[in-house]
Amino acid sequence: MTPGPDKAVFPRRLYDVAVIGSDPGGAATAAILSRRGLRVLLAADGPLTPRESDGWVLPGAAPVVPSLRQLGGAAPVLDDLGLAQELVRQSAGPQGGLQILGESLRLSLPADAARRREELRRELPDQWSAVESALDALEGLAKTWDAFVQEPPPLPARGFFERRKLRKILPNPPPDLPEGFVGEGLPALAPFCASLVGDTAPEAAARQAATLLRAPLRLWGGAGQVWEVLRAKAEASGT
Numbered sequence: 025m026t027p028g029p030d031k032a033v034f035p036r037r038l039y040d041v042a043v044i045g046s047d048p049g050g051a052a053t054a055a056i057l058s059r060r061g062l063r064v065l066l067a068a069d070g071p072l073t074p075r076e077s078d079g080w081v082l083p084g085a086a087p088v089v090p091s092l093r094q095l096g097g098a099a100p101v102l103d104d105l106g107l108a109q110e111l112v113r114q115s116a117g118p119q120g121g122l123q124i125l126g127e128s129l130r131l132s133l134p135a136d137a138a139r140r141r142e143e144l145r146r147e148l149p150d151q152w153s154a155v156e157s158a159l160d161a162l163e164g165l166a167k168t169w170d171a172f173v174q175e176p177p178p179l180p181a182r183g184f185f186e187r188r189k190l191r192k193i194l195p196n197p198p199p200d201l202p203e204g205f206v207g208e209g210l211p212a213l214a215p216f217c218a219s220l221v222g223d224t225a226p227e228a229a230a231r232q233a234a235t236l237l238r239a240p241l242r243l244w245g246g247a248g249q250v251w252e253v254l255r256a257k258a259e260a261s262g263t
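Residue numbers (our numbering): 25 to 263.
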């Protein structure tokens, strides 16, 4: 005697969009679409895993990120979702600093320039002036691209007015990377500040490093914490 067909009825849910992935970008997309009234399925394809770079185990995204106002295109998305203040509350706050730890070095780099100079003089008595000059050069290089990141122009530019706007925003001529301490150190710094796999343009690494010095936020959960905040927002919107 063979068993009859299984007549169990499983509930069916219809979705307008399916977002598959564990990265914060996918979660942000799901949250935005949910806020627009679409039925969204957000399916993680696995946990966020760390990555390795030259022997260093790095998280999926850095736990220290630039101030939300320095994130360029990400800031309008967070504002649209109403999450900017929530991320600030969950972080260590915008007034922080960085700390570099080595075998014989423990160097704090607070956002305040005067305090940073005191720290450099104490920890690097013979090199503090050169390091301070390098940090100033890094900041100057990053400021060159502030207008482009904070208000990205339409790309590709079409028509006379869009091309004129693009010419006004793009630095002309492009700045040269500083020689010495900053230029040589950017490739080694890129995996830690840019959170990107593979080669990173020196200008991008310089900007990320400089914005971290301005007003960093500490999200101890890294990309996982950002993903969870966005997932909760998508659920609250009806996903």
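The beta-carbon is built from N, C-alpha and C at its ideal position, and this holds for glycine as well.
Predicted model, so just to flag it, every value in this text is computed and none were measured.
- At the C-beta level, A234 and L162 come within 8 Å of one another.
- Nearest neighbour of Y39 by Cα position, chosen from G45, P177, V173, L62, turns out to be L62.
- Listed as beta-bridge partners of W80 by DSSP are S77.
- Residue pairing for S132: DSSP places it in a beta bridge opposite Q123.
- Residue pairing for V112: DSSP places it in no beta bridge.
- By the C-beta density criterion, E175 is exposed, having fewer than 16 other C-beta atoms within 10 angstroms.
- Residue ranges of uninterrupted alpha helix (DSSP H) with 4 or more members, entirely inside the region 159-213 and ordered along the chain, are 170-174, 183-193.
- With fewer than 16 neighbouring CB atoms inside 10 Å of its own CB, E127 falls in the exposed class.
- A229 is not a Cβ neighbour of L243, given a cutoff of 8 Å.
- The DSSP-derived three-state label of L38 is coil.
- Under the three-state reduction of DSSP, A67 is assigned to strand.
- If you look at A138, you'll find it in the alpha helix (DSSP H) that goes 137-147.
- For D150, no alpha helix (DSSP H) segment is defined, and its DSSP state is neither H nor E.
- Per DSSP, the continuous alpha helix (DSSP H) segment holding D104 begins and ends at 98-105.
- Restricting attention to F216, E208, R113, A171, the CA atom closest to the CA of V81 is found in F216.
- Nearest Cα to N196 within the set S46, T168, E76, P226: T168.
- Distance from the Cα of Q114 is smallest, within the candidate group G248, G262, P100, L165, for G248.
- Here the region 182-192 makes no contact with the region 248-259; the two share fewer than three CB pairs at distances below 8 Å.
- Using a Cβ distance threshold of 8 Å, A51 and R255 count as a contacting pair.
- Distance from the CA of A42 to the CA of G70, rounded to the nearest whole angstrom, comes to 16 Å.
- Counting the other CB atoms within 10 Å of its CB gives A55 a total of 16 or more, which places it among the buried residues.
- Rounded to whole angstroms, A135 and R36 show a C-alpha spacing of 53 Å.
- The C-beta separation of P199 from L148 comes to about 26 Å, leaving the pair out of contact by the 8 Å criterion.
- In its chain, beyond the 5 residues on either side, W152, V155, E156 have a beta carbon closer than 7 Å to the beta carbon of L144.
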